[in-house]
Amino acid sequence: MSTTTIKAYGAKSKTADLTPLDIERRAVGKDDIKIDITYCGVCHSDIHTVRNDWGGSSYPVVPGHEIIGHVTEVGADVKNFSVGDVVGVGCMVDSCQTCSSCQKDLEQFCENGATFTYNSPNKHIEGTQTYGGYSTSVVVDQKFVLSVPKNLDEAAAAPLLCAGITTWSPLSHWNVKKGDKVGVIGLGGLGHMGVKFANALGAHVVMITTSPEKGKDAKALGAHEVLVSKNDDEMEAHQGSFDFILNTIPVGHNMDPYINLLKVDATMVLVGAVEPMDGFHGGGLIMGRKHVAGSLIGGIKETQEMLDFCGEHDITSDIELIDMQDINTAYERVTNSDVKYRFVIDMKSLKS
Ligand code: NAP
Ligand code: ZN
Numbered sequence: 023m024s025t026t027t028i029k030a031y032g033a034k035s036k037t038a039d040l041t042p043l044d045i046e047r048r049a050v051g052k053d054d055i056k057i058d059i060t061y062c063g064v065c066h067s068d069i070h071t072v073r074n075d076w077g078g079s080s081y082p083v084v085p086g087h088e089i090i091g092h093v094t095e096v097g098a099d100v101k102n103f104s105v106g107d108v109v110g111v112g113c114m115v116d117s118c119q120t121c122s123s124c125q126k127d128l129e130q131f132c133e134n135g136a137t138f139t140y141n142s143p144n145k146h147i148e149g150t151q152t153y154g155g156y157s158t159s160v161v162v163d164q165k166f167v168l169s170v171p172k173n174l175d176e177a178a179a180a181p182l183l184c185a186g187i188t189t190w191s192p193l194s195h196w197n198v199k200k201g202d203k204v205g206v207i208g209l210g211g212l213g214h215m216g217v218k219f220a221n222a223l224g225a226h227v228v229m230i231t232t233s234p235e236k237g238k239d240a241k242a243l244g245a246h247e248v249l250v251s252k253n254d255d256e257m258e259a260h261q262g263s264f265d266f267i268l269n270t271i272p273v274g275h276n277m278d279p280y281i282n283l284l285k286v287d288a289t290m291v292l293v294g295a296v297e298p299m300d301g302f303h304g305g306g307l308i309m310g311r312k313h314v315a316g317s318l319i320g321g322i323k324e325t326q327e328m329l330d331f332c333g334e335h336d337i338t339s340d341i342e343l344i345d346m347q348d349i350n351t352a353y354e355r356v357t358n359s360d361v362k363y364r365f366v367i368d369m370k371s372l373k374s
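Position one of the sequence shown corresponds to residue 23 (the numbering used here), numbered consecutively onward.
Structural data, given as structure tokens:
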């Protein structure tokens, strides 16, 4: 198959900085959409993959799964999209479409293995893997392209494609509703979207943070209260009071203090720690019929619903716009919990 060489940024090993690279994109097939990338968000998962924190990374890794861009070419069988449209691509670019998960619009759990936007085997260019949005363009099957509401700022909408759907999906699956007391642990990219969505759904939102200095921002983002998890008295005062907790902590940790915050029958959903956790006290769950659950991004249908909700409620991310060349400093800052509250790369900087 004929391919086009384009500019990208990636890491050649788990200890290397990200540097400029050339990668290949496939020619547009009948179901494909070619997208000129304008913005790409920086997710903590990009860093985990570059650093091989979860194992299984193969190099070079070209991260980026919060992609916004403009359609520049469509295949003969493409419906619903035309040249010039503003579109998004999230964490997945393909799945089998036939297994029971895909049939239920849960492509992220495709039983034959979803093709993720980066670091998955590339079905179209043999012997290579998928490369993400830290690049100038991408070619994606129409089923995995999202329509971005026209009223949303393009750069600030980019993080909706991962941070947005990853927080929206569990809030929706666990029926968070008006009046519920909802805790969001970790004020980073995911957490700040969790706060915005829980607030928009009418919940009483409590930001649970290790960083007291983020309290003012948390309230501006929509939190009604701030709970500093390092403060034992504050944690004690909130014991047994939460209907739902969204836990975005990016590393393994002791869950007991957070399980203690849940009411009888309440649920804490893990989205952050894709790695071994510390042991927890079974009594914490048993004495209160509590649940600890997990959640992975969301399906394509649900992602479109989330974007449409954002369009209706004018919800986007709070971002710091950076040049592609600033990516290594941005990674350091995310690792130090110092991001307000999502970095987004302006892809003009890679094109010039
Ligand atoms: P992020 O921007 O770095 O935010 C994480 C926040 O967690 C930090 O800002 C910090 O907030 C808090 N935190 C960090 N280390 C902590 C620790 N040791 N103990 C307690 N709190 C800590 O990261 P993100 O992009 O939101 O991603 C969060 C995690 O979700 C990452 O591991 C990422 O890979 C994962 N993820 C999962 C999915 C999924 O589908 N399940 C999708 C996307 C990302 P405070 O300063 O407020 O404490
Ligand atoms: Zn992500």
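C-beta: ideal position from N, C-alpha, C; glycine also.
With a threshold of 7 angstroms (Cβ to nearest heavy atom), would residue i be considered close to the ligand NAP?
i, result
"Ala245", "no"
"Pro272", "yes"
"Ile319", "yes"
"Lys236", "yes"
"Asp231", "Reading the sequence as shown, one finds Thr at residue 231 and not Asp. Answer for Thr231: yes, Cβ within range of the ligand NAP."
"Ser359", "yes"
"Gly294", "yes"
"Gly135", "no"
"Thr188", "yes"
"His275", "yes"
"His313", "no"
"Gly77", "no"
"His70", "yes"
"Leu193", "no"
"Gly110", "no"
"Val356", "yes"
"Leu209", "yes"
"Leu212", "yes"
In three-state DSSP terms, what is residue i?
i, result
"Ser251", "coil"
"Ser191", "helix"
"Tyr280", "helix"
"Phe103", "coil"
"Ile147", "coil"
"His87", "coil"
"Asp202", "coil"
"Phe365", "strand"
"Lys285", "strand"
"Thr357", "helix"
"Lys376", "An answer regarding residue 376 cannot be provided, because it is not within the stretch 23 to 374 covered by the chain."
"Ser142", "coil"
"Thr338", "coil"
"Lys312", "coil"
"Thr71", "helix"
"Met229", "strand"
"Phe302", "coil"
"Val293", "coil"
"Thr325", "helix"
"Leu182", "helix"
"His56", "For the record, residue 56 in the displayed sequence is Lys; it is not His. Lys56: strand per DSSP, three-state reduction."
"Glu176", "helix"
"His66", "helix"
"His129", "Inspection of the sequence shows that residue 129 is occupied by Glu rather than by His. Correct three-state label for Glu129: helix."
"Asn350", "helix"
Taking C-beta to C-beta, are residue i and residue j nearer than 8 angstroms?
i, j, result
"Gly112", "Ile187", "yes"
"Ile322", "Asp127", "yes"
"Ser157", "Ala30", "yes"
"Gly210", "Tyr81", "no"
"Val173", "Asp336", "A quick correction: the sequence has Asn, not Val, at residue 173. Contact: yes."
"Val72", "Ala136", "no"
"Glu258", "Leu249", "no"
"Ile28", "Arg47", "yes"
"Val100", "Asp53", "yes"
"Val108", "Val170", "yes"
"Gln347", "Ser371", "yes"
"Ala180", "Glu88", "yes"
"Val217", "Val206", "yes"
"Leu182", "Cys332", "yes"
"Phe219", "Trp190", "yes"
Answer yes or no: does any C-beta atom of chain B fall closer than 8 angstroms to that of residue i?
i, result
"His70", "Of the protein chains in this structure there is only one, and it is not chain B."
- [ ] Starting from the N-terminal end, write out each residue whose C-beta falls within a distance shorter than 5 angstroms of any non-hydrogen atom of the ligand ZN.
- [x] Cys65, Ser67, Cys184
- [ ] Give a yes or no on contact between the segment 260 to 267 and the segment 195 to 203, applying the rule of three or more CB pairs nearer than 8 angstroms.
- [x] yes
Open item on the list: Would you call the segment 27 to 46 in contact with the segment 338 to 357, where contact means no fewer than 3 C-beta pairs closer than 8 angstroms?
Closed with: yes
Open item on the list: Tell me whether the segment 300 to 314 and the segment 326 to 335 touch, counting them as touching only if at least three CB pairs, one residue from each stretch, are closer than 8 angstroms.
Closed with: no
TODO: Specify whether the segment 308 to 317 and the segment 271 to 289 touch according to this definition: at least 3 beta carbon pairs, one from each stretch, less than 8 angstroms apart.
DONE: yes
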